[in-house]
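Each remark here refers to the structure printed beneath this line.
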Amino acid sequence: MLIGYARVSTDDQNLDLQRDALTQSGCNRIMEDRMSGDRAERPGLKAAIDYARPGDVLVVWRLDRLSRSLKDLIEMVTLLESKGLGLKSLQETIDTSCSSGKLIFHIFGALAEFERTLIRERTRAGLQAARARGKKGGRAKALNSDKRRLAVRLYDEKEQTVDQICQMMGISKPTLYKYVAAHREEKSNP
Numbered sequence: 009m010l011i012g013y014a015r016v017s018t019d020d021q022n023l024d025l026q027r028d029a030l031t032q033s034g035c036n037r038i039m040e041d042r043m044s045g046d047r048a049e050r051p052g053l054k055a056a057i058d059y060a061r062p063g064d065v066l067v068v069w070r071l072d073r074l075s076r077s078l079k080d081l082i083e084m085v086t087l088l089e090s091k092g093l094g095l096k097s098l099q100e101t102i103d104t105s106c107s108s109g110k111l112i113f114h115i116f117g118a119l120a121e122f123e124r125t126l127i128r129e130r131t132r133a134g135l136q137a138a139r140a141r142g143k144k145g146g147r148a149k150a151l152n153s154d155k156r157r158l159a160v161r162l163y164d165e166k167e168q169t170v171d172q173i174c175q176m177m178g179i180s181k182p183t184l185y186k187y188v189a190a191h192r193e194e195k196s197n198p
């Protein structure tokens, strides 16, 4: 069975073009959404996937109606495949229920994985170059070393509550406890 899915980004846009194309392609049922494609919750899409049975094909007018990025599209195709469903795009003439359509999506998947690998490699190289220049990654400490020692001393003296110390120093409880633990570790490992 062919199940259609149509989506427009705003209420003022019209679904007629997509509806007509999906009907002409033989869709028995058409589910619709009127919202941005980058929203995770799309009730019409969820209804279409829930309605479909193994062997059915989800039909869209164009791939961008289904997903806003290649990564999301590949995840969607993987989800559909796991449920035994195919995907057909009318404008791009892609049909994953046939072997040539599956090949195209495997190529897309390989390209997306290649892109992710390149990004990881560039990130690692950039971090290594920064470390070589003496830069440290991560978030800066909330307090300098003198203020950290003061916070620990106030904690150890037990004259103020943890809340009072945190408020005075402008830090959170976990940060204070981290400073206390680091100070104790320094004392035990001179």
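With the sequence shown counted from 1, adding 8 to any position gets you the working numbering. We treat Cβ as the ideally placed atom computed from N, Cα and C, and that holds for glycine.
Beta-carbon proximity check, residue i vs residue j, cutoff 8 Å
{"i": "ILE38", "j": "GLY12", "result": "yes"}
{"i": "ALA60", "j": "LEU87", "result": "no"}
{"i": "ALA150", "j": "ILE115", "result": "no"}
{"i": "ASP7", "j": "ARG50", "result": "The question about residue 7 has no answer here: the residues shown for the chain are numbered 9 through 198."}
{"i": "LYS110", "j": "THR104", "result": "yes"}
{"i": "ALA29", "j": "TRP69", "result": "yes"}
Cβ neighbour criterion (16 or more within 10 Å) applied to residue i
{"i": "GLN21", "result": "exposed"}
{"i": "GLN26", "result": "buried"}
{"i": "ILE127", "result": "exposed"}
{"i": "ALA14", "result": "buried"}
Closest by C-alpha distance to residue i, when choosing among the options
{"i": "GLY83", "options": "PHE113, LEU10, ARG61", "result": "At residue 83 the sequence reads Glu, which differs from the Gly that was named. When each option's Cα is compared against that of GLU83, the closest is PHE113."}
{"i": "THR183", "options": "VAL67, LYS195, ARG157, GLU100", "result": "ARG157"}
{"i": "LYS186", "options": "ASP72, ARG76, VAL160", "result": "VAL160"}
{"i": "LEU10", "options": "LYS110, LEU78, LEU66", "result": "LEU66"}
{"i": "GLY34", "options": "LYS96, VAL16, LYS79", "result": "LYS96"}
{"i": "ASP164", "options": "VAL188, VAL16, GLN136", "result": "VAL188"}
Euclidean distance between Cα positions of residue i and residue j
{"i": "THR169", "j": "LYS181", "result": "11 Å"}
{"i": "ARG73", "j": "ALA120", "result": "19 Å"}
Assigned secondary structure, residue i (DSSP; H/G/I helix, E/B strand, else coil)
{"i": "ASP103", "result": "strand"}
{"i": "ALA14", "result": "strand"}
{"i": "LEU78", "result": "helix"}
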